[in-house]
Amino acid sequence: QVQVVESGGGLVQAGGSLRLSCAASGRTSSIFDMAWFRQAPGKERAFVGRRIWNDGSTYYADSVKGRFTVSGDNVKNTVYLQMNSLKPEDTAVYYCRALLRPGAYNYWGQGTQVTVSS
């Protein structure tokens with residue numbers, strides 16, 4: 213089992229930046245990837261970006277490419293989401309998800325609110 217805790221959300225003006233952190237603890241040796249998702253009011257949870265743990269490869273949703281960057285520190289078992297050029301439509305609760313293999317078990321954090329004012 214893995215515990216996942218996000219931090220770093222807040223209120224920012226459009227065009228500004230925020231960095232979210234997600235720390236994993238527990239059976240971290242089984243982590244295959246860690247990903248960020250977000251859920252805006254009245255919408256379904258949507259993929260934002262992910263980092264493959266063993267080689268550092270990253271993948272992004274089209275809506276955030278060029279503005280958001282996922283990075284990680286395998287020693288600290290932490291993944292980051294650097295968000296630049298924020299837009300009001302980026303307002304959402306941001307969740308971190310750890311995927312463990314074998315078995316494809318997902319572990320989610322409690323979420324952190326990001327609000328972008330216009």
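Residue numbers 213 to 330, in our numbering, belong to the letters of the sequence shown in order.
Here a beta-carbon is modelled for each residue, glycine too, at the ideal position from N, C-alpha and C.
For the region 298-327, the full-length beta strand (DSSP E) segments reaching 3 residues or more read 304-312 and 317-320 along the chain.
Annotation for residue 225: the continuous beta strand (DSSP E) segment containing it runs 222-225. The beta carbon of residue 310 sits closer than 6 Å to the beta carbons of 214, 216, 236, 243, 246 and 319 from its chain, once the five residues preceding and following it are set aside; these are given in chain order.
Separation of the CB atoms of residue 324 and residue 254 is rounded to 19 Å, and the pair is thereby denied contact status at 8 Å.
Collapsing the DSSP output to three states places residue 241 in a helix. Minimum Cα-Cα distance from residue 287 among the listed residues 266, 270 and 295 corresponds to 266.
Between residue 270 and residue 262, the C-beta spacing is below 8 Å.
Assigned with DSSP and collapsed to three states, residue 267 falls in coil, not helix or strand.
The beta carbon of residue 276 is closer than 7 Å to those of 260 and 261 in its chain, skipping five residues each way along the sequence. Here residue 218 is buried, its C-beta having at least 16 other C-beta atoms within 10 Å. In terms of CA proximity to residue 268, 291 leads the group 229, 305, 249 and 291. Residue 213 is not bridged by DSSP to any residue.
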